[in-house]
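Residue numbers (this note's numbering): 20 to 82. Heads up, the beta-carbon is just placed ideally off N, CA and C, and yes, glycines get one too. Input: a single structure, listed below in structure tokens.
Pasting the structure below:
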């Protein structure tokens, strides 16, 4: 299971939590934008380690 918990969501994306164990908790997001006939996906890098606050700021920046 990739997403441990969905922290927040809206019509265009969501912020999620992952946890390998109780000592390694990470956050990420997916944000989808349709422009004409193209879909763009904004997301955190899969290898990064981010706090919830950092991810919330990134999510707000891509909206």
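Report the rounded CA-to-CA distance for residue 36 versus residue 51, giving the unit in angstroms.
What you label residue 36 is simply residue 17 of the chain shown in a count that begins at 1. What you label residue 51 is simply residue 32 of the chain shown in a count that begins at 1. Each residue's Cα considered, the two are about 18 Å apart.
Buried or exposed for residue 81, going by 16 or more other Cβ atoms inside 10 Å?
Stepping through the chain shown from its first residue, residue 81 is reached at position 62. Burial call: exposed.
Tell me whether residue 59 is buried or exposed, calling it buried when 16 or more other Cβ atoms sit within 10 Å of its Cβ.
Here residue 59 is taken as the residue at index 40 of the chain shown, counted from 1. The residue in question, residue 59, is exposed, as its Cβ has fewer than 16 Cβ neighbours within 10 Å.
Hey, how far is the Cα of residue 34 from the Cα of residue 43?
Position 15 of the chain shown, counting from 1, holds the residue named residue 34. Position 24 of the chain shown, counting from 1, holds the residue named residue 43. One C-alpha to the other measures close to 17 Å.
Which value, in whole angstroms, describes the spacing of the CA atoms of residue 64 and residue 48?
Translated into positions along the chain shown, residue 64 becomes position 45. Translated into positions along the chain shown, residue 48 becomes position 29. Approximately 9 Å between the Cα atoms of the pair.
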